[in-house]
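Peer 1: Take this structure, written in structure tokens, and hold onto it; I'll ask about it next.
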Amino acid sequence: MHSICEKMEKPIVLLAVESSCDDTSAAVVEDGILRSNVIASQKVHEEFGGVVPELASRAHQQNIWPVVDTALKRAGVEAKDLSAVAFTRGPGLLGSLLVGTSFCKGLALSLGIPLIDVNHLQGHVMAHFVEDGTGLPHPSFPFLCLLVSGGNSQIVRVNAYNDMQILGQTIDDAAGEAFDKCAKVLGLPYPGGPWIDKLAKLGDATKYPFAKPNIAGYDYSFSGLKTSFLYTLRDMLKEHGVETIDALAERVPNLREDMCASLQATVVDILMRKLKKAAQDLHITQVAVAGGVSANSALRQAFIDYGKKYHWQVYIPPFSFTTDNAAMIAQAGYFKFLDHDFCAIDEVPFAKTTI
Ligand code: KG4
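For the record, in the sequence shown the residue sitting at position 182 is 280 according to my numbering, with numbers rising by one throughout.
Laid out in structure tokens, this is it:
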């Protein structure tokens with residue numbers, strides 16, 4: 099095993115692997131600068147309308163070596179140059195996580211270098227600190243981060259790179275999950291979030307007033323909205339005497355577009371109101387958004403609008419760092435490396451946890 103001191107004299111070169119769901123990704127950072135970020139998305143789930151865990155694990159197994167190999171080559175480094183290996187330990191699909199975890203353990207063990215475990219959610223927040231050469235502005239501490247993905251919706255107070263506190267989170271569905279499930283009902287492909295975003299641009303956001311939750315504190319709930327969406331469609335099917343969404347769409351002009359626009363506006367309003375409350379209560383004006391749903395155009399616009407209205411400094415990640423990627427894991431791993439915060443070789447992945 100190389101000593102840490104010996105490694106510190108050379109550039110710190112870190113390989114990171116992300117495999118928590120259906121994207122296999124590998125990235126290399128050198129002295130905190132992103133050198134490569136390779137992502138292989140899995141198309142195999144599209145026909146099932148959601149991620150099939152067993153298929154995801156198998157696809158990760160097929161993709162992991164080519165993705166890592168490409169990331170190393172693009173960064174111009176060889177395995178022997180690595181100072182440490184970072185991996186997403188959770189939360190996520192256990193079978194998927196096992197592939198990345200096992201691969202990284204094997205690599206670290208064979209090279210005699212430290213292993214670093216990264217919490218996937220903390221990784222999303224750390225996307226704001228990736229140094230990709232584009233001059234991405236970094237929030238200063240403390241800041242609030244709205245973390246919205248397919249599996250989580252949280253308001254996080256970020257005190258430092260390694261100190262995050264959840265102020266509120268969904269008590270049922272995540273925002274992305276609500277988008278994906280409602281999109282499925284409308285007969286849109288998986289993942290539905292980007293389709294909702296696309297169709298919403300052509301729709302009337304005031305056409306269908308959906309139920310909004312009334313939850314205390316900074317927590318979220320999206321299951322009532324999902325039911326409201328479903329019941330609106332059910333009532334319209336009954337009213338028009340048809341059984342399928344396609345038949346309904348022939349009778350109700352702009353049905354999908356208006357439903358998407360109304361749903362999107364409701365989700366964004368729910369998310370932003372709680373975030374505003376947290377920012378006001380805590381007197382924090384640095385506000386960031388992260389996670390797959392931060393790719394949503396209405397949410398991004400709401401951040402800009404709230405920023406202007408409430409004098410927030412807002413941080414919206416580039417599209418490439420919104421959905422799952424290893425660049426954010428590499429960045430989080432780099433900060434842990436600087437803290438000498440390594441993990442044991444027998445560390446196991448976890449499916450559920452928060453920050
Ligand atoms: O962060 P992510 O890639 O994976 C998880 O860790 O969950 O987030 C995926 C989620 C999916 O629910 C997807 O529908 C949603 O992000 N998403 C969007 C958009 N792009 C991705 N939701 C709304 N609008 C988008 N443009």
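Beta carbons are placed, not taken as given, at the ideal position from N, Cα and C, and that holds for glycine. Values in this document were obtained by computation on a predicted structure and should not be read as measured data.
What separation, rounded to the nearest whole angstrom, lies between the Cα atoms of D179 and V111?
Peer 2: Along the sequence shown, read from residue 1 onward, the residue named residue 179 stands at position 81. Along the sequence shown, read from residue 1 onward, the residue named residue 111 stands at position 13. Distance between the alpha carbons of D179 and V111: 7 Å.
Peer 1: Alpha carbon to alpha carbon, how far is C358 from T325? Give it in angstroms, no decimals.
Peer 2: Position 227 of the sequence shown, counted from the start, is the residue given in the question as residue 325. Position 260 of the sequence shown, counted from the start, is the residue given in the question as residue 358. Straight-line Cα distance between these residues: approximately 15 Å.
Peer 1: Need the endpoints of the beta strand (DSSP E) that T457 sits in, please.
Peer 2: As shown, the chain starts at 99 and ends at 453. That puts residue 457 outside it, with no answer to give.
Peer 1: Of all the alpha helix (DSSP H) runs that stay within the bounds of the segment 343-375, which reach a length of 4 or more residues?
Peer 2: With a minimum length of 4 residues, the continuous alpha helix (DSSP H) runs that stay inside the segment 343-375 are 343-349.
Peer 1: Could you say if the segment 204-223 and the segment 427-445 meet the contact criterion of at least three C-beta pairs nearer than 8 Å?
Peer 2: Taking 8 Å as the limit for Cβ pairs, the verdict is that the segment 427-445 does touch the segment 204-223.
Peer 1: Can you tell me where the beta strand (DSSP E) with A138 in it begins and where it stops?
Peer 2: Along the sequence shown, read from residue 1 onward, the residue named residue 138 stands at position 40. 131-139 is the span of the beta strand (DSSP E), which, as asked, contains A138.
Peer 1: Of the residues P311, K374, A225, P287, which one's Cα is nearest the Cα of S418?
Peer 2: Taking the sequence shown and counting its residues from 1, the one referred to as residue 418 is at position 320. Taking only the C-alpha atoms, the option nearest S418 is A225.
Peer 1: Ligand 1: which residues have Cβ under 5 Å from any of its heavy atoms, chain order?
Peer 2: Taken from the N-terminal end onward, the list reads S247, G248, G249, G274, F277, D278, P289, G291, P292, D295, G389, G390, V391, A393, N394, T421, D422.
Peer 1: Return the Cβ separation of V127 and A428 in integer angstroms, given the expectation that the two are a contact with Cβ distance under 8 Å.
Peer 2: On the sequence shown, position 29 is the one that residue 127 refers to. On the sequence shown, position 330 is the one that residue 428 refers to. That belief holds up - the Cβ atoms of V127 and A428 are roughly 4 Å apart, short of 8 Å.
Peer 1: Does DSSP put V111 in a helix, a strand or coil?
Peer 2: Looking up residue 111 in the sequence shown gives position 13. Of the three classes helix, strand and coil, the one that applies to V111 here is strand, per DSSP.
Peer 1: Please report how far the alpha carbon of S247 lies from the alpha carbon of M334, in whole angstroms.
Peer 2: Looking up residue 247 in the sequence shown gives position 149. Looking up residue 334 in the sequence shown gives position 236. Between S247 and M334, the C-alpha separation is close to 30 Å.
Peer 1: Using only CA atoms, which one of E355, D270, D261, T342 lies nearest to G301?
Peer 2: By one-based count along the sequence shown, residue 301 stands at place 203. It is E355.
Peer 1: Once DSSP output is grouped into helix, strand and coil, what is the label at E341?
Peer 2: As a position in the sequence shown, residue 341 is number 243, starting the count at 1. Correct three-state label for E341: coil.
Peer 1: Nearest to Q220 by alpha carbon, out of D167, S251, K310, V197?
Peer 2: Taking the sequence shown and counting its residues from 1, one reaches residue 220 at position 122. Comparing Cα positions, the closest option is S251.
Peer 1: In whole angstroms, what is the alpha-carbon distance linking A347 and N423?
Peer 2: Taking the first residue of the sequence shown as position 1, residue 347 is located at position 249. Taking the first residue of the sequence shown as position 1, residue 423 is located at position 325. Between A347 and N423, the C-alpha separation is close to 37 Å.
Peer 1: When burial is assigned at 16 or more other CB atoms within 10 Å of the CB, is L328 buried or exposed?
Peer 2: As a position in the sequence shown, residue 328 is number 230, starting the count at 1. Classification of L328: exposed, given that the 10 Å Cβ count is below 16.
Peer 1: Please determine, among S200, L397, A182, the residue with the shortest C-alpha to C-alpha distance to G291.
Peer 2: Residue numbering aside, residue 291 sits at position 193 when the sequence shown is read from its first letter. Nearest of S200, L397, A182 to G291, Cα basis: L397.
Peer 1: Keeping to the same chain, check which residues put their C-beta closer than 8 Å to that of S238; ignore five residues upstream and five downstream.
Peer 2: Here the question's residue 238 lines up with position 140 in the sequence shown. So the qualifying residues of the chain are Q384.
Peer 1: Does DSSP classify D295 as helix, strand or coil?
Peer 2: Along the sequence shown, one-based indexing puts residue 295 at 197. Correct three-state label for D295: helix.
Peer 1: Given the structure, does S117 come close to ligand 2, in the sense that its CB is under 7 Å from one of the ligand's heavy atoms?
Peer 2: Among the ligands in the structure shown, ligand 2 does not appear; only ligand 1 can be found there.
Peer 1: Taking E145 and G198 to be in contact with their CB atoms under 8 Å, please state how far apart those CB atoms are, rounded to whole angstroms.
Peer 2: As a first step, residue 145 is located in the sequence shown; it is residue number 47 there, counting from the start. As a first step, residue 198 is located in the sequence shown; it is residue number 100 there, counting from the start. E145 to G198, Cβ: 25 Å. No contact.
Peer 1: Taking only three categories from DSSP, how would you classify T319?
Peer 2: For this step, residue 319 is matched to residue 221 along the sequence shown. At residue 319 the sequence reads Ser, which differs from the Thr that was named. Correct three-state label for S319: coil.
Peer 1: Bridge partners of M262, per DSSP?
Peer 2: In the sequence shown, the residue the question calls residue 262 occupies position 164. Answer is V256.
Peer 1: Could you pull out every residue in the same chain whose Cβ sits closer than 7 Å to the Cβ of I402, ignoring the five residues on either side in sequence?
Peer 2: One-based indexing of the sequence shown puts residue 402 at position 304. If we look at I402 and ignore the five residues flanking it on each side, its Cβ neighbours are V412.
Peer 1: Between V350 and the rest of its own chain, which residues show a CB-CB distance below 8 Å, the 5 nearest in sequence each way excluded?
Peer 2: Taking the first residue of the sequence shown as position 1, residue 350 is located at position 252. Within the same chain, V350 has close Cβ partners M334, H338.
Peer 1: Could you check the C-alpha separation between M99 and S123 for me, to the nearest Å?
Peer 2: Position 1 of the sequence shown, counting from 1, holds the residue named residue 99. Position 25 of the sequence shown, counting from 1, holds the residue named residue 123. For M99, the pLDDT reaches just 48, beneath the cut-off of 50, and the residue's location in the model is therefore unreliable, leaving the point undetermined.
Peer 1: In whole angstroms, what separates the C-alpha of K406 from that of C243?
Peer 2: For this step, residue 406 is matched to residue 308 along the sequence shown. For this step, residue 243 is matched to residue 145 along the sequence shown. Cα to Cα, K406 sits roughly 17 Å from C243.
Peer 1: Using the C-alpha atoms, what's the distance from Q140 back to L195?
Peer 2: Translated into positions along the sequence shown, residue 195 becomes position 97. Translated into positions along the sequence shown, residue 140 becomes position 42. Each residue's alpha carbon lies about 15 Å from the other.
Peer 1: For N135, is the classification buried or exposed, using 16 other Cβ atoms within 10 angstroms of its Cβ as the cut-off for buried?
Peer 2: The sequence position of residue 135 within the sequence shown is 37, counting from 1. That one is buried.
Peer 1: Mind checking whether S392 and I414 have CB atoms under 8 Å apart?
Peer 2: As a working note, residue 392 is residue 294 in the sequence shown. As a working note, residue 414 is residue 316 in the sequence shown. The answer is yes: Cβ separation under 8 Å.
Peer 1: Taking Cβ to Cβ, would you say Y306 is nearer than 8 Å to K372?
Peer 2: Counting from 1 along the sequence shown, the entry for residue 306 is found at position 208. Counting from 1 along the sequence shown, the entry for residue 372 is found at position 274. Cβ distance not < 8 Å, so Y306 and K372 don't count as in contact.
Peer 1: In whole angstroms, what is the alpha-carbon distance linking I443 and S155?
Peer 2: The residue labelled residue 443 in the question sits at position 345 within the sequence shown. The residue labelled residue 155 in the question sits at position 57 within the sequence shown. About 21 Å.
Peer 1: If you follow the beta strand (DSSP E) that I214 is in, where does it begin and where does it stop?
Peer 2: Stepping through the sequence shown from its first residue, residue 214 is reached at position 116. Counting along the chain, the beta strand (DSSP E) containing I214 begins and ends at 213-217.
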